[in-house]
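Report on the structure given below.
In the numbering used here, the protein residues as written are 3 to 243.
Shown next as structure tokens:
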């Protein structure tokens with residue numbers, strides 16, 4: 003099955019030095035399967051909490067990537083809560099991919115994983131469907147460092163893709179990589195007219211959203227609205243929003 007633009011963009015952001023890639027909330031396992039095909043890791047772990055989905059996926063993987071006594075397994079299926087990832091049971095560098103869920107739930111999941119494994123350096127590839135600024139705030143508070151970020155459009159919906167690293171606790175002060183911007187930096191840069199349209203449409207949408215929520219006098223939402231408005235001003239979009 004052909005990957006969507008969103009999933010293929012996530013796959014293209016992924017580096018090739020991981021021992022284990024965890025495709026969380028994987029649904030049909032399309033992204034994890036693509037990473038498996040690209041041989042970007044020693045092993046892809048498919049994780050979801052729905053037993054029926056994971057049983058179907060396991061049958062599909064067993065058919066397409068059979069495991070025999072003479073072959074090494076390059077995939078595993080785990081039916082469990084993302085907060086319970088058994089990372090300590092697998093040695094090496096980990097990439098945890100979470101996509102297709104809301105920002106509030108994703109924030110809870112990522113914070114839970116970080117808190118459960120303070121001694122591990124972990125990379126995350128994240129794409130939430132909303133509330134990205136609050137996700138970014140949590141990542142910043144946990145000393146995560148930016149590897150890459152992208153803004154894409156698919157079916158007239160906009161998505162921020164975040165590729166970040168959380169150093170082990172004992173390494174936090176030794177790393178100099180940039181922290182996570184609350185509003186993003188690279189995502190507002192364009193090298194073509196098409197991407198400029200994506201940026202403008204996305205910025206208008208988040209301004210409309212936080213203008214409404216800021217009316218509730220939430221200090222966080224007011225701060226977010228002012229921050230996005232500053233970006234609009236710098237891009238000379240203020241008069242159009």
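All C-beta atoms in this analysis are idealised placements derived from N, C-alpha and C, irrespective of residue type, glycine included.
Which of the three DSSP states, helix, strand or coil, is assigned to residue 78?
Translated into the one-based positions of the chain shown, residue 78 becomes position 76. In the three-state DSSP reduction, residue 78 falls in the strand class (E or B).
Euclidean distance between Cα positions of residue 86 and residue 107
If you number the chain shown from 1, residue 86 lands on position 84. If you number the chain shown from 1, residue 107 lands on position 105. Whole-angstrom Cα-Cα distance: 15 Å.
Since residue 182 and residue 148 are thought to touch, with beta carbons under 8 Å apart, how far apart are those beta carbons, to the nearest angstrom?
On the chain shown, position 180 is the one that residue 182 refers to. On the chain shown, position 146 is the one that residue 148 refers to. Yes, they are in contact, since the Cβ atoms of residue 182 and residue 148 sit about 5 Å apart, within 8 Å.
Cβ pair count under 8 Å reaching 3, the region 115-129 against the region 42-62
Verdict: no, contact absent.
For residue 189, the first and last residue of its enclosing alpha helix (DSSP H):
Numbered from its first residue, the chain shown carries residue 189 at position 187. That residue, residue 189, is in no alpha helix (DSSP H); it is neither H nor E in DSSP.
Hey, is residue 42 close to the ligand HEM, as in C-beta under 6 Å from one of its heavy atoms?
No copy of the ligand HEM appears in this structure; indeed no ligand is present at all.
Can you grab the Cα-Cα spacing for the pair residue 40 / residue 120, in whole Å?
Stepping through the chain shown from its first residue, residue 40 is reached at position 38. Stepping through the chain shown from its first residue, residue 120 is reached at position 118. Their Cα atoms are separated by approximately 30 Å.
Based on Cα-Cα distance, which residue from 200, 38, 144 lies nearest to residue 173?
For the purposes of this step, residue 173 is taken as residue 171 along the chain shown, with counting starting at 1. Sorting 200, 38, 144 by C-alpha distance to the C-alpha of residue 173 places 144 at the top.
Does chain B have any CB closer than 7 Å to the CB of residue 99?
Judged by its chain identifiers, the structure shown contains no chain B, having just a single protein chain.
Pick helix, strand or coil for residue 170, following the three-state DSSP scheme.
Taking the chain shown and counting its residues from 1, the one referred to as residue 170 is at position 168. Coil.
Who are residue 22's beta bridge partners in DSSP?
As a working mapping, residue 22 is identified with position 20 in the chain shown. In DSSP, residue 22 forms a bridge with 45, 96.
When you compare each of 209, 11, 223 to residue 235 by their alpha carbons, which one comes out closest?
Position 233 of the chain shown, counting from 1, holds the residue named residue 235. Sorting 209, 11, 223 by C-alpha distance to the C-alpha of residue 235 places 209 at the top.
Only counting the same chain, and skipping five residues up and downstream in sequence, which positions put a Cβ closer than 6 Å to that of residue 146?
Within the chain shown, residue 146 is the residue found at index 144, counting from 1. Answer for residue 146: 166, 168, 182, listed in chain order.
For the alpha helix (DSSP H) that contains residue 116, what are its first and last residues?
Counting from 1 along the chain shown, the entry for residue 116 is found at position 114. Here the alpha helix (DSSP H) through residue 116 covers 105-118.
Taking its Cβ as the centre, do 16 or more other Cβ atoms sit within 10 Å of residue 308, making it buried, or is it exposed?
Residue numbering for the chain in the displayed model covers 3 to 243; residue 308 lies beyond these limits and cannot be assessed.
Would a C-beta distance cut-off of 7 Å place residue 170 and residue 123 closer than the cut-off?
For the purposes of this step, residue 170 is taken as residue 168 along the chain shown, with counting starting at 1. For the purposes of this step, residue 123 is taken as residue 121 along the chain shown, with counting starting at 1. In this structure, residue 123 lies closer than 7 Å to residue 170 by Cβ.
Spatially closest choice to residue 22 from 37, 134, 12, 160, by CA coordinates
The sequence position of residue 22 within the chain shown is 20, counting from 1. The option with the nearest alpha carbon to residue 22 is 37.
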